[in-house]
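Engineer: Protein chains in written order, with my numbering: chain C, 24 to 237; chain P, 28 to 423.
The C-beta atom is built at its ideal place from N, Cα and C for all residues, glycine as well.
What you are looking at is a predicted structure, and each value in this text was computed from that prediction instead of being measured.
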Amino acid sequence: MNKSFTILLMLVCLFSVNNLYAAVGCDLNDPDKDVARLFPESTGYKTSYLSLDKLGGAALMQEIEKRLGDSFQGLYETVDVPYTLYEIYKEKEKIGYIHGVNQKGEYGGIQVFLVLDMAGTIKSLYFQKLTSRAAKQLREPDFGKQFVGLNLKDFYSYDVKAGKSVPSGKVDEIKNPVPEAAGDFRAALRATKKNLILMDQFVYSNKHLQYFKP
Amino acid sequence: MLSIYKVCYKNLLRKKVRSSLTIIGVGLSAWVLASLMGFNKGYEASLNRDIDNMGFQIVVTAKGCPYEAATLMLKGGTSLRYMKESVVNEVAANAEVEKMTPMLMQAIFDPNKGESGGMSAYLGVDPASFPQMKTYLEFKQGGWFKDAAAYEAVLGYEAAELEQREVGDKLLIPEKNAELKVVGILKRTGTQDDGTIFIPVKAVQQIFAKPGELTGLGIKVKKDANIAQLEEKLYKLPDVQVVSLAQVKQTIMNLVSTAKVMVLSIAIIAVIIAMVGVINTILMSVFERYQEIGILKSIGAMPEDIFKLIWIETFILCLLGGLFGAVMAFGLSQVTELLIRRLLPYAPTGSLILLDFKLILTTLISVLLIGLVSGVYPAWKAARVRPLESIRNEMG
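Dropping the structure here:
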């Protein structure tokens, strides 16, 4: 009898916790259609949710900030942000990932999704949301193509604060289609670097960490 | 020595699966009952809060469908119809009017939202009158714009989250190429204001090329004024329609009553099924223990003792079922709310299901009473068992 009541009490405690205001994540608006469009060879996908909070807490977030070369700010970059990871399958074989991050832009929030292969190389870049005077140009396929083939090794040398690589690297070759929108261009590069660092931590076992030079 | 309660409890444990299924059945009906009562309470409270949070009792809009106007007021959105700003002076001439605030809602297609674009909405408000009517709005950062024509914006909590804006940041209205400065971020309110971008009404008129036009006029009536009389006067204004929030509330409650009847029917069916389940379980138990009851009586147990024994078993089943139902009602309230929101034509913001201790206690007492009534027949049947007959039957 006592055991039954303990279980009941535990259930009450478990379920009666009110919903707290959680940090905001970044999901695809229409995963079924978006995955098929972004990864045409895919036949299915699995969704999982990860957070720095669960993987290592504040210490891990500091580590990620160090690798990014910039501190996390605002509601979209807190330790409890839920990151949505789409694992992409072709039949039973896993063929890549889609992962998005939020980034503060000059005129509004930006959502940058990366389509990555199993080695962590960018297959394509997708702005799900972009409020910018240069939104049209930044969403042009030609702009996105400049990121294809790059990986975290290329981005580690890119200084997100200075907006250039030291020493000069492949990221510097990415051309800003609208020089007046330098703020949003740099925000897109920061989001891409952050996205790649998180993915290296989440799924690639930090294999690119060897290229990080503090 | 075993107490009668322990004997009853052990009896129920003899057929664990059957007892568990009965408890689940009672629990399900208690869940439905508690959720329904919580919904009755929560829906009206949320609707009243939404309407109170409007800050005004009457809205004047351009002539059109009243349901469209109601949706516009409660859910936000754009009206295809506009009224002239001069209506403000005409309405102000009425003695019943305490305050009023003009509004201009505009929406624009943003091609850079998702793959195929999305809508962005802006509410033009008058900085001199709107904050006075929405006194409950508090700021997380900054404050209201001071100039009715300034290119400034105040963002609701969720709008600021989505756009990642802070005070001092810039905000771009897509397609219109208009750049605004964020001067305030509101605290979370749990209402539609959380997702709203407020802009000075004159600025909205200018940006969207709607000079001298409004989509709504919110009116706060003097405390002792006759609202119906004012409505009558406002009806006489040309090309406008008058929507009182009392009417809106009544309309919505009428629409919701259908859904309530449906849920109530389900609750009644669930309770009946649970009653039958309890009767069945206890009756089966009585039949199985026919000889045992006979022996109990032959060694001195009185009919009232047997009645009590069986009735307590029913009580324990219903108590556990009721507690299980209460846990489910609390635990699954979010899921239940989601289901109800899908059913309803209009659901206000905030919690639709309000569960409190009093309500859970009422549910528990109702389930126990229904259960005890269900237990009367099996207990009476058991109390009537004749000792010798039962033993003889069993031997035979």
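1) Could you give the distance in angstroms between the alpha-carbon of C:R213 and the alpha-carbon of C:P200?
2) Give me the DSSP bridge partner(s) of C:Q54.
3) For C:K117, which residues of its own chain have a beta-carbon under 8 Å away from its beta-carbon, when the five flanking residues on both sides are left out?
4) Residues in the same chain with beta-carbon distance under 8 Å from P:S143, minus the five sequence neighbours each way, listed in chain order, please.
5) For chain P, is any of its Cβ atoms less than 9 Å away from the one on C:K184?
6) Drop a sphere of 10 angstroms on the beta-carbon of P:S284, count the other beta-carbons inside from all chains shown, and report buried for 16 or more, exposed for fewer.
7) So, helix, strand or coil for C:L43, using DSSP?
8) Can the beta-carbon of P:S378 be found less than 9 Å from the beta-carbon of P:I309?
9) So P:K324 packs on P:P405, CB below 8 Å; how close in whole Å?
10) Would you list, in chain order, the members of the stretch 141–158 of chain C that have their beta-carbon closer than 9 Å to a beta-carbon of chain P?
11) If you follow the alpha helix (DSSP H) that C:N244 is part of, which residue opens it and which one closes it?
12) Would you say the stretch 215–233 of chain P touches the stretch 181–194 of chain P, given that touching needs at least three Cβ pairs under 8 Å?
13) Give the straight-line distance between the Cα atoms of C:M222 and C:Y120, rounded to the nearest whole angstrom.
14) Using 8 Å as the threshold, is the stretch 169–183 of chain C in touch with the stretch 96–106 of chain C, meaning 3 or more CB pairs across them?
15) Less than 9 Å separating the beta-carbons of P:G54 and P:M355?
16) Check P:K276 in the structure and name its three-state DSSP category.
17) Express the C-alpha separation of P:N307 and P:T49 in angstroms, rounding to a whole number.
18) Can you name the start and end residues of the alpha helix (DSSP H) that P:S393 belongs to?
19) Please specify which runs of the alpha helix (DSSP H), each continuous and at least 4 residues long, are wholly inside the stretch 347–379 of chain P, giving them in chain order.
20) Using only alpha-carbon positions, find the residue among C:G167, C:G172, C:A210, C:L161 that is nearest to C:A185.
21) Compare the Cα-Cα distances from C:E88 to each of C:K216, C:L153, C:Y72, C:S155 and report the closest residue.
22) Return the CA-CA distance between C:V40 and P:A72, expressed in angstroms with no decimal places.
23) What are the residues that DSSP puts in a beta bridge with P:P129?
24) State the DSSP-derived secondary structure class of P:S147, mapped to helix, strand or coil.
25) Go through its chain and collect everything with a Cβ distance to P:K197's Cβ below 8 Å, but skip five positions before and after it.
26) Within its chain, find whatever has a CB closer than 8 Å to the CB of P:E179; leave out the 5 residues flanking it on each side and keep chain order.
27) Against chain C, which members of the stretch 160–191 of chain P pass a CB distance test of less than 8 Å?
28) Express the C-alpha separation of P:V269 and P:E258 in angstroms, rounding to a whole number.
29) Between C:N52 and chain P, is any beta-carbon pair separated by less than 9 Å?
30) Using a Cβ-Cβ cutoff of 8 Å, what residues of the stretch 161–181 of chain C are near chain A? List them in chain order.
31) Taking the Cβ atom as the reference point for each residue, do P:M146 and P:F136 lie within a distance shorter than 9 Å?
32) Count the other CB atoms, across all protein chains shown, that sit within 10 Å of the CB of P:K90; report buried if there are 16 or more and exposed otherwise.
33) If we cut at 9 Å on Cβ distances, does P:G141 have a partner in chain C?
34) Looking at P:G358 and P:R57, is the spacing between their C-beta atoms short of 9 Å?
35) Do the CB positions of P:L63 and P:V290 come within less than 9 Å of each other?
36) Under three-state DSSP, which class holds C:Y234?
Structural biologist: In this structure, then:
1) Spanning the two alpha carbons is a distance of roughly 17 Å.
2) With the sequence shown as reference, residue 54 of chain C is identified as Pro, and Gln is not the correct amino acid for it. Per DSSP, C:P54 has no beta bridge partner at all.
3) Hits under 8 Å: E110, I111, M141.
4) Cβ within range, chain order: n/a, list empty.
5) Chain P places no beta carbon closer than 9 Å to that of C:K184, leaving this residue out of the contacts.
6) Under this definition P:S284 is an exposed residue.
7) Low confidence applies here, because C:L43 scores a pLDDT of 36, under 50, leaving its location unreliable and the question unanswered by this model.
8) For the pair P:S378 and P:I309, the CB atoms are not nearer than the 9 Å cut-off.
9) With a Cβ gap of about 16 Å, P:K324 and P:P405 do not count as contacting.
10) The stretch 141–158 of chain C vs chain P, Cβ under 9 Å: Y149, F150, Q151, K152, L153, T154, S155, R156, A158.
11) In the structure as shown, chain C starts at 24 and stops at 237, and residue 244 of chain C therefore has no counterpart that could be examined.
12) Counting Cβ pairs under 8 Å, three or more are found: they touch.
13) Going from the Cα of C:M222 to the Cα of C:Y120 covers about 9 Å.
14) In short, these stretches do not touch, since the Cβ pair count stays below three.
15) In this structure, P:G54 lies near P:M355, with their beta-carbon atoms less than 9 Å apart.
16) Correct three-state label for P:K276: helix.
17) C-alpha separation (whole angstroms): 9 Å.
18) Element bounds for P:S393: 384–410.
19) Runs of the alpha helix (DSSP H) lying entirely within the stretch 347–379 of chain P, each at least 4 residues long, are 360–370 in chain order.
20) If we check each option's Cα against that of C:A185, C:A210 comes out closest.
21) Closest option to C:E88, judged by alpha-carbon separation, among C:K216, C:L153, C:Y72, C:S155: C:K216.
22) Note that C:V40 scores 34 on pLDDT, short of 50, meaning its location in the model is unreliable; the coordinates nonetheless yield the value given after this. Cα to Cα, the separation comes out at about 21 Å.
23) Looking at the DSSP output, P:P129 bridges to P:L244.
24) Of the three classes helix, strand and coil, the one that applies to P:S147 here is strand, per DSSP.
25) Once the five neighbours on either side are set aside, the close Cβ partners of P:K197 are E206, L207, K208, V209.
26) Within its own chain, the residues whose Cβ lies closer than 8 Å to the Cβ of P:E179, once the five positions on either side in sequence are excluded, are F172, L207, K208, V209, V210, I226, P227, A230, listed in chain order.
27) Answer in chain order: E188, L189, E190, Q191.
28) Near 7 Å, if we compare the C-alpha coordinates of P:V269 and P:E258.
29) Any Cβ of chain P closer than 9 Å to the Cβ of C:N52 would place that residue at the interface, and such an atom is present.
30) The structure shown has no chain A; the protein chains it does contain are C and P.
31) Yes, they are a contact pair.
32) The residue is exposed, with fewer than 16 neighbouring Cβ atoms inside 10 Å.
33) Yes, contact with chain C.
34) A small fix is needed here, since residue 57 of chain P is Ala in this sequence, not Arg. With a cutoff of 9 Å on beta-carbon distance, P:A57 and P:G358 are scored as not near each other.
35) Yes, they are a contact pair.
36) Three-state result, C:Y234: helix.
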